[in-house]
Structures are given as structure tokens and as C-alpha cells.
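**Student:** Here it is: the structure, laid out below.
Residue numbers (UniProt numbering): 1 to 230.
Written as C-alpha cells, this is what we have:
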């Protein structure tokens with residue numbers, strides 16, 4: 001059992017690192033470099049010039065979402081001895097978040113459909129298609145924030161369970177609670193007051209990166225103690 005738990009923890013750690021790296025790659029190095037805020041023409045020109053990069057980024061995000069499903073299951077297995085019902089609730093919020101984000105990713109693929117030379121799109125002016133493509137990107141961001149609100153609740157549950165678990169540092173549990181709160185503050189500020197959200201972004205997500213990286217490295221390198229049954 002102990003060996004199985006150690007393997008589960010290490011697999012979760014590896015998956016979590018991939019999720020973090022793939023997320024940063026897509027958000028910062030791809031969308032961050034191609035999207036020009038408020039400029040549909042420049043944004044769509046950049047995307048069509050780097051269409052292969054946009055597609056690779058999309059594929060990496062789908063792989064990332066597949067990994068998060070396994071990660072949700074793995075952390076349920078590791079934390080269910082602390083409180084099975086709460087661990088199940090965390091997994092459910094995580095899966096809802098994954099489902100929302102998966103549907104939201106279609107909006108990124110829709111950008112390429114809107115900008116391609118399909119016959120059925122010729123009833124639209126090129127400027128209209130560019131505007132719709134940019135709107136699709138904006139809607140993706142809104143959908144992503146909805147997904148992060150659910151993931152924030154998941155992190156609150158994870159933080160509580162990790163704080164109570166003999167397998168993890170209590171400081172790590174506190175960090176995950178802070179992570180969850182920051183995700184929720186970020187999402188709801190975008191919903192309620194976008195101007196305030198723009199002021200606190202991306203600083204509000206720095207604790208999230210620190211907390212999630214800490215959890216990933218803990219799972220990957222810290223052994224599960226065999227004397228504590230799960």
C-alpha cells in the first residue's frame with residue numbers, strides 16, 4: 001500500500017508540473033505574445049501568421065486537461081483518509097472546473113475557423129470576422145475565469161485536507177487555502193469590477209503559482225510515510 005501511495009504521489013507531482021508548465025507556455029508565451037489587447041486586427045494577423053503555434057498550444061492544453069482529470073483522481077486517493085466526503089467534494093469541484101475549461105477551449109479553436117477561407121463565411125466582411133475572432137478570445141478568458149472560480153473552491157478543500165493530513169506540511173495546506181482565495185478573488189473581481197481586476201492582475205495569481213508549484217514538488221519528491229495508513 002505504501003509503495004502504491006508513493007507511486008500515486010509521484011505521478012500526481014509529475015502531472016501537476018506538466019499542467020503548470022503547459023499553462024504558462026500557452027498563457028504567457030503563446031497567447032501573451034500573439035494577442036494585442038483591444039486590437040482585433042493585430043491579434044488576428046498574429047494568429048494567422050503563427051497558426052501552427054496556436055494549434056500546438058491548443059493541443060498542449062487538451063493534454064493538460066486530460067492530465068488534470070488524473071490529477072484530481074490521484075489527489076482524491078491521497079487525501080480521502082482525512083475526510084472522504086470532503087475529498088470527494090474537492091474532486092467534484094475540480095472536475096466541474098475541468099469540464100467548463102474544456103468547453104471554453106472550443107472558443108480558441110473557433111478563432112481559426114472564423115479566420116479561415118471557408119465559403120460559408122463569405123457573407124461576412126473580413127473586419128466582421130476579425131471582430132468575431134477577437135470576441136471569441138475574450139469569451140475564452142471569461143469562461144476560463146468561471147472555471148478558475150470552481151478550481152478555487154477545490155483548492156480551499158485541498159488546503160484543509162492537506163493541513164489535516166499527516167503526509168503533508170501544514171504550511172502547504174495554508175498555501176493551498178491562500179491559492180484558492182486568490183483564484184476566487186481574481187475571478188469574481190473580473191465579473192464584478194473589471195477595472196479593479198486589471199489593477200490586481202497578475203499579482204493576485206502569484207501566490208497561486210507558488211502554492212501549486214510547492215504542492216507539485218512535494219508530491220514529486222517527498223515520500224509518503226508508510227507508517228501512516230490511508
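Using N, Cα and C, we set each Cβ at its ideal position, and we do this for glycine too.
It should be emphasised that the depicted structure is a prediction, and the values quoted were computed from it without experimental measurement.
Applying the criterion that 16 or more other CB atoms from any shown protein chain within 10 Å of the CB defines a buried residue, is residue 49 buried or exposed?
**Tutor:** exposed
**Student:** Work out the CA separation of residue 32 and residue 42 for me, nearest whole Å.
**Tutor:** 13 Å
**Student:** List the whole-angstrom C-beta distance separating residue 97 from residue 37, where the pair is believed to meet the contact cut-off of C-beta under 8 Å.
**Tutor:** In fact, because the Cβ distance is near 25 Å, the residues do not count as touching under 8 Å.
**Student:** List, from N- to C-terminal side, the alpha helix (DSSP H) runs of 4 residues or more that fit wholly inside the segment 98 to 167.
**Tutor:** 126 to 164
**Student:** Which residues in the same chain have their Cβ closer than 8 Å to the Cβ of residue 207, if we skip the five residues on either side of it in sequence?
**Tutor:** 175, 178, 179, 182
**Student:** Under 7 Å, do residue 22 and residue 52 count as touching if we go by C-beta distance?
**Tutor:** no
**Student:** If you run the structure through DSSP and keep just helix, strand and coil, what is residue 193?
**Tutor:** coil
**Student:** With a CB to CB cut of under 7 Å and the five nearest residues on each side skipped, what residues in its chain are close to residue 44?
**Tutor:** Taken in chain order, the residues that qualify are 115, 130, 133, 134.
**Student:** With a 10 Å radius around its C-beta and 16 neighbouring C-beta atoms as the bar for buried, classify residue 127 as buried or exposed.
**Tutor:** With fewer than 16 other Cβ atoms within 10 Å, it is exposed.
**Student:** Below 6 Å CB to CB, which residues in the same chain sit around residue 104 once its five sequence neighbours on both sides are set aside?
**Tutor:** 140, 143, 144
**Student:** Alpha carbon to alpha carbon, how far is residue 80 from residue 214?
**Tutor:** 20 Å
**Student:** Please state whether the Cβ-Cβ distance between residue 162 and residue 173 is less than 7 Å.
**Tutor:** yes
**Student:** Note the first and the last residue of the continuous alpha helix (DSSP H) segment covering residue 214.
**Tutor:** 206 to 221
**Student:** In angstroms, rounded to a whole number, what distance separates the CA positions of residue 118 and residue 112?
**Tutor:** 11 Å
**Student:** For residue 13, which three-state DSSP category applies?
**Tutor:** helix
**Student:** Does the separation of the CB atoms of residue 154 and residue 191 fall below 7 Å?
**Tutor:** no
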